[in-house]
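Per this note's numbering, the sequence shown starts with residue 11, numbered consecutively. Beta carbons: idealized from backbone N, C-alpha and C, even for Gly. These numbers come from a predicted model, not from an experiment. Encoded as structure tokens, the structure appears first; notes follow it.
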Amino acid sequence: MNAIQTHQLTRSFGNLKAVDRLTLEIPRGTVFGFLGPNGSGKTTTIRLLLGLLDADDGSAQVLGFDTRKQPDEVRVRCGALLEHHGLYERLSAAENLDYYGRIWRMSKADREKRIRELLEPLDLYERRGEPIGRWSRGMKQKLAVARALMHRPELIFLDEPTAGLDPVASSALREDLASLVAQEGMTIFLTTHNLAEAEKLCNQVGVINHGNLLAVGSPSELRSKTSAPRLYVTGQGITSQILEDVKSNALVKRVQQQNGKLVMDLNDLSRSHEIVTKLVGAGVQIDEVWKEKADLEDVFLQLVEEEKGEAE
């Protein structure tokens with residue numbers, strides 16, 4: 011059974027189509043990353059899936075419930091961390107979680123057990139008695155994730171959980187999220203524009219831009235389907251004529267010259283020696299050659315570039 015299933019889901023704001031005919035299936039137990047730049051439709055999608063917005067057209071089911079007809083059934087089974095952390099800064103970490111546990115009608119013993127379960131992996135349990143007003147933003151964000159998980163939801167929505175954090179805090183939160191994901195075993199819908207975040211946490215990824223779903227698959231599937239292997243060459247004597255010759259080679263899908271090095275996307279990385287041989291034969295004095303497969307950032311940029319080209 012799918013945790014999330016949408017068909018032609020559409021929502022506009024005036025002339026802006028924020029989500030455009032979104033059709034998506036996310037199996038239970040998936041850590042799904044929804045990638046896109048700011049304003050691409052990620053947050054609107056979450057609000058539609060939680061029944062906080064009505065769709066103009068199409069349908070969505072979350073955990074088997076229709077989001078339009080049964081929004082309360084959806085929300086009681088989901089956790090969410092949206093743009094505001096939902097914490098009370100005069101309360102301690104434990105008091106914040108206990109408060110939300112009471113809202114969810116958890117027993118005192120269960121609340122105490124759950125607070126420990128959530129705060130220990132986040133390295134916050136020893137500080138559970140401190141008022142959080144003076145905590146760093148990263149620590150508050152960790153606690154906000156715990157708050158969203160307090161009632162053991164079947165599905166959790168995390169909207170840009172590392173947004174606004176410095177690199178150290180972002181990295182720490184990603185590590186802690188990975189631990190919680192392994193511990194909880196739930197379905198996670200994570201929106202982000204951070205490609206490293208999606209690569210580390212997610213086993214399925216969707217790419218959205220201007221409300222359009224551009225691709226869905228595992229990170230490795232997207233890398234293999236949408237981006238060619240890459241060859242880098244640095245050296246002396248790379249003239250404009252040599253660059254044109256490389257561009258016309260059937261093995262080369264795309265070539266760029268960046269800061270004295272050639273960056274080439276190839277159809278077949280195993281034949282990269284043929285390109286190197288031709289460069290040497292043309293008089294290039296090669297200093298270094300290396301290969302690597304594209305990462306999610308390359309894939310994302312390529313998909314957005316292709317969409318832009320189609321629109322034009």
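The C-beta distance from L165 to C88 rounds to 5 Å, short enough to fall under 8 Å. Sorting S282, R281, V265, S280 by C-alpha distance to the C-alpha of M274 places V265 at the top.
Contact between M196 and H161 is absent: CB atoms are separated by about 11 Å, not below the 8 Å threshold.
Leaving aside the five residues that flank G46 on each side, the residues in its chain whose CB is nearer than 8 Å to its CB run, in chain order, K52, T201, H203, V217, I218, N219.
Runs of the alpha helix (DSSP H) lying entirely within the region 116-145, each at least 4 residues long, are 118-129 in chain order.
Spanning the alpha carbons of L91 and Q312 requires a straight line of approximately 30 Å. Around R157, the same chain offers G96, L97, N106, L107, Y110 as residues with beta carbons nearer than 7 Å, after the five sequence neighbours per side are excluded.
Look at the region 246-306 and you find these whole runs of beta strand (DSSP E), each 3 residues long or longer: 262-268, 271-276, 295-302.
When the beta-carbon positions are compared, L134 and A103 come within less than 8 Å of each other. Judged by their CB atoms, R147 and L175 are nearer to each other than the 8 Å cut-off. Pairwise C-beta distances place the region 18-26 in contact with the region 59-69, as three or more of them are shorter than 8 Å.
Nearest Cα to S230 within the set F199, A208, D76: A208.
L261 and E298 do not touch by the CB rule: their CB atoms are close to 20 Å apart, not below 8 Å. Between P131 and S189, the CB-CB gap stays under 8 Å. Burial state of R233 is buried, judged by a 10 Å Cβ sphere holding 16 or more other Cβ atoms. A distance below 8 Å separates the beta carbons of G43 and V215.
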